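Counting with the numbering used here, you get residues 13 to 372 for the letters of the sequence shown.
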Amino acid sequence: MPEAAPSLADLIDMQIRANGPMSIASYMGLCLTHPRHGYYKQADPLGTDGDFITAPEISQMFGELIGFFCVNLWQQMGEPRSFTLLELGPGRGTLMQDALRVAVRAEGFGDALHLQLYETSEQLKAQQAIRLSQYNPYWATEIDAVSDDPLIVVANEFFDALPVRQFVKSAAGWHERLVGLDDDKRCFGLSPTPIPESAMPEGVRGATPGDVYEVSLAATDVMQRLSKAIGRLGGAILAIDYGYARTRTGETLQAVRRHGFADPLEAPGEADLSAHVDFGALATVATGARLTVQPLATQGDFLRRLGIIERADTLSSANPGQAASIGAALGRLTGPDQMGELFKALCAASPGLAPPGFAP
Ligand code: SAH
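Right, here's the structure in full:
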């Protein structure tokens, strides 16, 4: 009888036995995007039946305001007759569907638009194809494989899905946290080799022993490539996610399964793993590429500046029967105890542009 194919847990354990403990980033990368068993390679994780729900799935208002944001930037850029709109991790395609329904009302926008999507999940690509077919999207295989046109990039809850490494402070320096095996059970451990404090970014120097510093090289790499492209072609990137404004210590790696927290080391590939986004690190990369970075806005402030309250009123007047659910969605997206403050919006743009939604 043929042996059962190894599960992702088996593959990870085999790799640890053969090569020794692996970094958390390697572990996260395998769990999320392993070609056969990765979390994002399997079922649709979004929505009430999935593991988590995102802002565009809560209300059409979210995508619509981002559509307005894109039109406003395109107009400030002088209404180029051809431009790329790239979405990173478009999920079910809901955000872009809502955004473009609104945006193509601006004369010339639809004709100028070249829609690019960057997505790892075949399942979600299929949904994006259905929702966005009228805009003829192109699925980019490389993050920076864009044309020579100006470029507007949108990413909602994308950067949090990129792998992070963790380092733990000790009296001797910093030690990378690794995933190893103890009696055949997966566990966290520390690399014995200390990294000197001087090799760490300023924001975490002087930390107390036991403190954890997380860094996502994948996230800064994406930001670097796109910032360079925007620097060359003109345009902007908007990233919305849960995260913090400045590089600092704090452990945020989390596993979420069916709307609840889970143990990240259990059932690899079956839970969503994510970490809060270090917006400070992303801003540093963009500034280094000579883009202008807006002061980080909370999602609540960003959406209010774009007019979410007025939009909710208009929708409620047009659909009085749905006023209560529209009000509830408004609360979820902007309420300080809900998504309003935990989530932040970062925008880096070519100098001279004034992206809407940010403090003047
Ligand atoms: N933006 C959507 C979905 C957020 S979930 C929304 O707001 O609803 C994260 C998205 O990023 C999914 O579409 C997921 O498949 C995609 N993704 C995660 N890791 C990725 C990677 N390494 N490369 C490309 N896409 C990725």
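Built from N, CA and C at the ideal position, the CB exists for glycine as well.
It should be emphasised that the depicted structure is a prediction, and the values quoted were computed from it without experimental measurement.
Does DSSP put residue 31 in a helix, in a strand, or in coil?
-> helix
Residue from 267, 355, 351 and 344 with nearest C-alpha to residue 308 = 355
Can you give me the Cβ contacts of residue 290 inside the same chain, cut-off strictly under 6 angstroms, excluding the 5 residues immediately before and after it?
-> 259
Sheet register partners of residue 267 (DSSP bridge) | 274 and 285
For residue 216 and residue 373, believed in contact at Cβ under 8 angstroms, the rounded distance = Here the chain has residues from 13 to 372 only, and residue 373 is not among them.
Residue 101 and residue 173: beta carbons closer than 8 angstroms?
-> yes
Which word fits residue 60, buried or exposed, when buried means at least 16 other C-beta atoms lie within 10 angstroms of its C-beta?
-> exposed
Terminal residues of the continuous alpha helix (DSSP H) containing residue 240?
-> 229 to 245
Cβ-heavy atom distance between residue 69 and the ligand SAH below 7 angstroms?
-> yes
Host beta strand (DSSP E) of residue 110 (start-end) = Per DSSP, residue 110 belongs to no beta strand (DSSP E); it is in the alpha helix (DSSP H), 106 to 115.
Taking 7 angstroms as the cut-off, is the CB of residue 169 close to at least one heavy atom of the ligand SAH?
-> yes
Pick out whichever of 126, 165 and 118 has its Cα sitting closest to the Cα of residue 357.
-> 165
Residue 99: first and last residue of the uninterrupted beta strand (DSSP E) it sits in | 95 to 100
Secondary structure of residue 170, DSSP reduced to three states = coil
Leaving out five residues before and five after residue 95 in sequence, what residues of the same chain have Cβ atoms less than 6 angstroms from its Cβ?
-> 124, 161 and 162
Does the beta carbon of residue 379 fall short of 7 angstroms from some heavy atom of the ligand SAH?
-> What is shown of the chain runs 13 to 372, which leaves residue 379 out entirely.
Can you tell me where the beta strand (DSSP E) with residue 188 in it begins and where it stops?
-> 185 to 194
Distance, residue 201 Cα to residue 276 Cα | 14 angstroms
Residue 17 (DSSP reduced to helix, strand or coil) = coil
For residue 182 and residue 133, the rounded distance between their alpha carbons = 39 angstroms
If you draw a straight line from the alpha carbon of residue 167 to that of residue 249, how long is it in whole angstroms?
-> 8 angstroms
So residue 303 packs on residue 243, CB below 8 angstroms; how close in whole Å?
-> 6 angstroms
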